[in-house]
Every structure is written in C-alpha cells, then in structure tokens.
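Enquirer: Residues in the sequence shown are numbered consecutively from 69, following my numbering.
Beta carbons: idealized from backbone N, C-alpha and C, even for Gly.
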Amino acid sequence: MVRAAHIATLFALIACAQAAVAQPYGMPLKNEVEIADVDRIENWTGKTIMIFTPHPDDDTFSMGGTMARLAEKGNKVIIVIYTNDNKGSKDLTMTRERLAQIRRAEEEEACKILGIPKENITWLGYEDGDLEYADPQRLRGEVCRLIKIHRPDAIFSPDPGDTWEQWHKTDHRMAAFMTKDSFIAAEWHLYYPQHLLDEGLKPFSVPLAFYYYSAEPNYEIDITSKFEAKIKASAAHVSQFEPSLSKYSPENPKAVYDGIYKNFAAKSLKTTGKGKSTAKNKVYVERFRREVAP
Ligand SMILES: [Zn+2]
C-alpha cells in the first residue's frame, strides 16, 4: 500500500512491515508469559480464530507461520481485511481498480498456501491509505457485528499498545485501535442494539487477543515447520515486491521467493539452548503480545 511511496527495495519493504518489532528475534524474549501447554496456540484444535489485518499481506508477513499451524490443526481461521490495498504500486500504468483485483487474488493465493480457504476471507473494502478517514462509528459497527457473528476463541490484530499507545503507519494505526474498540462494543448490546433486534446477534466478550507488530511481545510461537509455507505465501504478494512494484510483471516468482526467504530467515531466526549454534538448535519464530480478556 502507501508504504511503497518511499520504499524501493524488497528488503526495505519487509523491514517497514516489521518496524514496530523493537526486539530482534535473535534475542531471548523479554517478559515472556508462562502458559500451560494445553493453552498454547500450538496445541489448539477446533477453535475459531479471527485475524484482523489492515492490508492483504500484514497477516501473512507477521503471522503466516502461525496461520498455517492453526489451519493444520483443524481450527477455523477467519480473516478480516480492512482495506482493498489499491494504491501500493509505482507502476504508472496501474489503476486502482486493477490493483485491487490483483491484491485480492494474491491474498487468496497466500491463504490457500497457508491452508485457509478464500471463503474465510471478509473484505471490508475500505480505500487503501484512507482507513482513518472512514466513518469510525460505522466501521466499529461492522467489526463489532462480525465479532458477534463468529464469537471467536481468540483474535489477532496489530498492537494498539497497553498502558501506552503504539505508533503505526496509516491504516495500521486505525486498524489497531478499531479492532480493540470493537471488542468493547461487542460486549454491550446497547452499543449497536440493531444487531440483536434485527439479526438476533447476542453480545460477546472476546476472551483472548494476540497482537502482532508489537513493540512489547510476550509470546512466541515456533513456526519452523511452516516457515517455508510462510515464505511461499508471502511471495504470492508479488505485486508488492520488485520488479512488479515498479512494473507489474509477475513472471519470476523464484527471485521474489529467494529475496523474501533471505529476509525472513534473518529476521525470525532464533537460536535456542546453550553452546555452539547448530542447525538443530535454530528455530524460526513469530512473536505477539498476548492479552487475556482484552
Ligand atoms: Zn499493511
């Protein structure tokens, strides 16, 4: 999306997406929360998960490995995408309409690679870069309604911060706060009474939230088994990487794949245990800030 305006390289692009992660993945996790094995994401089965993403790629880039692990274990993964991402191209022949179609197809392909059917994707369809100019009361009502419909066991969204506010670039900022504001509205039937009166949708309290793009992650998941799937899914967003960013030409996906692999391998690699670093004690991880009953 608008990210492309000042970023020319593949590597800088991903660096921008992860800029909010202040703590390098190679370091041990500070403030890690102790969680019983049965409650860890890795062991979830049969749960309903909602993932809120500002653009069709923030989900894959930030938590593609987690998405694949959740899908593999029979959890229902629902993705809600705030914008249509129709402005992130430097190709002067590109139009907003065409780019929106390309971005939709790329997201569907990425989700397919991660084991999530396109029927599980909800597009809210707001204009790329303009989410902050949407009617907030209407937008909150839309998100609140979806939460009441799906009644998730957990949600994932960009980190709005806790006792502090976390800075994000445009669209991410609005998405971070809007998702959380919508939880609160979903708890109380009088916020949007028509949901109950017209559709029979009862209020719902979100029990658990995981925030990605977090400056203060406290939860880590080993995605080593799904790392390759994450890279393939990320590479499906070919329009967001050079050479297609400047001139849409999705012919050489291997080059995109290789570039993403190198970048993510450096960013998400963690060495575990003590002693000499070997292939056996290296894992790939994704990190979140976990919040109970947000
Ligand atoms: Zn984004």
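Where does residue 384 sit, in a helix, a strand or coil, going by DSSP?
Expert: Missing from the structure shown is residue 384; the chain here goes from 69 to 362 and no further.
Enquirer: Quick one: what's residue 287 bridged to in DSSP?
Expert: Sequence index remark: in the sequence shown, residue 287 carries index 219 (1-based). Bridge partners of residue 287: 356.
Enquirer: Less than 6 Å between the CB of residue 122 and some heavy atom of ligand 1, yes or no?
Expert: In the sequence shown, the residue the question calls residue 122 occupies position 54. True, at least one ligand heavy atom lies under 6 Å from that Cβ.
Enquirer: Under the DSSP definition of a beta bridge, which residues are partnered with residue 340?
Expert: Your numbering for residue 340 matches position 272 in the sequence shown. Paired residues: none, contrary to the question.
Enquirer: Within this structure, are the beta carbons of residue 277 and residue 362 separated by less than 7 Å?
Expert: In the sequence shown, residue 277 corresponds to position 209, counting from 1. In the sequence shown, residue 362 corresponds to position 294, counting from 1. Cβ atoms of residue 277 and residue 362: closer than 7 Å.
Enquirer: Per DSSP, residue 151 is paired with what?
Expert: The sequence position of residue 151 within the sequence shown is 83, counting from 1. Its beta-bridge partners are 194.
Enquirer: Taking 6 Å as the cut-off, is the beta-carbon of residue 230 closer than that to any non-hydrogen atom of ligand 1?
Expert: Start at 1 with the first residue of the sequence shown, and residue 230 comes out as number 162. No, Cβ of residue 230 sits at least 6 Å from all heavy atoms of ligand 1.
Enquirer: Near residue 175, what residues of its chain come up, given a Cβ to Cβ distance below 6 Å and the 5 sequence neighbours on each side ignored?
Expert: By one-based count along the sequence shown, residue 175 stands at place 107. Cβ neighbours of residue 175 beyond the five flanking positions: 124.
Enquirer: Starting from the Cα of residue 196, find the closest Cα among 177, 180, 169, 216 and give me that residue.
Expert: Here residue 196 is taken as the residue at index 128 of the sequence shown, counted from 1. It is 169 whose Cα lies nearest to the Cα of residue 196.
Enquirer: Please go through the same chain and pick out, in chain order, the residues whose beta-carbon is closer than 7 Å to the beta-carbon of residue 70, but skip the five residues on each side of it.
Expert: For the purposes of this step, residue 70 is taken as residue 2 along the sequence shown, with counting starting at 1. Note that residue 70 scores 43 on pLDDT, short of 50, meaning its location in the model is unreliable; the coordinates nonetheless yield the value given after this. Closer than 7 Å at the Cβ level, and outside the excluded window around residue 70, lie 155, 156, 196, 197, 238.
Enquirer: Flag residue 126 as yes when its Cβ comes closer than 6 Å to any non-hydrogen atom of ligand 1, and as no otherwise.
Expert: Mapped onto the sequence shown, residue 126 falls at position 58. True, at least one ligand heavy atom lies under 6 Å from that Cβ.
Enquirer: What are the start and end residues of the alpha helix (DSSP H) that includes residue 265?
Expert: Along the sequence shown, read from residue 1 onward, the residue named residue 265 stands at position 197. Taken as a continuous stretch (DSSP letters only), the alpha helix (DSSP H) holding residue 265 covers 262–267.
Enquirer: Quick test of the definition: if touching needs 3 or more C-beta pairs under 8 Å, does the stretch 255–269 touch the stretch 282–299?
Expert: Taking 8 Å as the limit for Cβ pairs, the verdict is that the stretch 282–299 does not touch the stretch 255–269.
Enquirer: Quick check: what's the CA-CA separation for residue 210 versus residue 271?
Expert: Counting from 1 along the sequence shown, the entry for residue 210 is found at position 142. Counting from 1 along the sequence shown, the entry for residue 271 is found at position 203. Their backbone Cα atoms lie some 14 Å apart in a straight line.
Enquirer: Assuming residue 136 and residue 297 form a contact by the criterion Cβ under 8 Å, report the distance between their Cβ atoms to the nearest whole angstrom.
Expert: For this step, residue 136 is matched to residue 68 along the sequence shown. For this step, residue 297 is matched to residue 229 along the sequence shown. Going by Cβ atoms, the distance from residue 136 to residue 297 rounds to 5 Å, so yes, they are a contact pair.
Enquirer: For a test of the three-state rule: what should DSSP assign to residue 350, helix, strand or coil?
Expert: Residue numbering aside, residue 350 sits at position 282 when the sequence shown is read from its first letter. Note: residue 350 maps to strand in three-state DSSP.
Enquirer: For a quick check, are the C-beta atoms of residue 251 and residue 119 less than 7 Å apart?
Expert: Here residue 251 refers to the residue found at position 183 of the sequence shown. Here residue 119 refers to the residue found at position 51 of the sequence shown. It is not a contact, given that the beta carbons lie outside the stated cut-off.
Enquirer: Whole angstroms is fine: what's the gap from residue 171's alpha carbon to residue 259's?
Expert: As a position in the sequence shown, residue 171 is number 103, starting the count at 1. As a position in the sequence shown, residue 259 is number 191, starting the count at 1. Residue 171 and residue 259: Cα-Cα distance of roughly 33 Å.
Enquirer: Note down, in chain order, each residue of its chain lying with its Cβ closer than 6 Å to the Cβ of residue 89, except the 5 sequence neighbours on either side.
Expert: The residue you call residue 89 lines up with position 21 of the sequence shown. Note on residue 89: pLDDT 47, under 50, position unreliable in the model; no value is reported.
Enquirer: Closest by CA to residue 219, which one among 187, 144, 241, 242?
Expert: Working through the sequence shown from its first residue, we reach residue 219 at position 151. Ranking the options by Cα distance to residue 219, first place goes to 144.
Enquirer: Give me, in chain order, the residues of the same chain whose beta-carbon lies closer than 7 Å to that of residue 428; leave out the 5 immediate sequence neighbours on both sides.
Expert: Residue 428 lies beyond the stretch modelled for the chain, which goes from 69 to 362, so this question has no answer here.
Enquirer: At what residues does the alpha helix (DSSP H) containing residue 223 begin and finish?
Expert: Position 155 of the sequence shown, counted from the start, is the residue given in the question as residue 223. Per DSSP, residue 223 belongs to no alpha helix (DSSP H); it is in the beta strand (DSSP E), 222–226.
Enquirer: With a threshold of 6 Å on Cβ separation, who are the neighbours of residue 191 within its own chain once the five nearest residues in sequence on each side are excluded?
Expert: Stepping through the sequence shown from its first residue, residue 191 is reached at position 123. These residues qualify, in order along the chain: 149.
Enquirer: Going by CA-CA distance only, name the one from 216, 245, 214, 208 that's closest to residue 21.
Expert: Because the chain in this structure spans residues 69 to 362, residue 21 falls outside the shown range and cannot be described.
Enquirer: Alpha helix (DSSP H) containing residue 297: first to last residue?
Expert: Indexing the sequence shown from 1 puts residue 297 at position 229. Looking at the DSSP string, the run of the alpha helix (DSSP H) that includes residue 297 is 295–303.
Enquirer: Do residue 269 and residue 216 have their C-beta atoms within less than 7 Å of each other?
Expert: Here residue 269 is taken as the residue at index 201 of the sequence shown, counted from 1. Here residue 216 is taken as the residue at index 148 of the sequence shown, counted from 1. For residue 269 and residue 216, yes; Cβs fall inside 7 Å.
Enquirer: Who pairs with residue 276 in a beta bridge, going by DSSP?
Expert: Position 208 of the sequence shown, counting from 1, holds the residue named residue 276. Per DSSP, 360.
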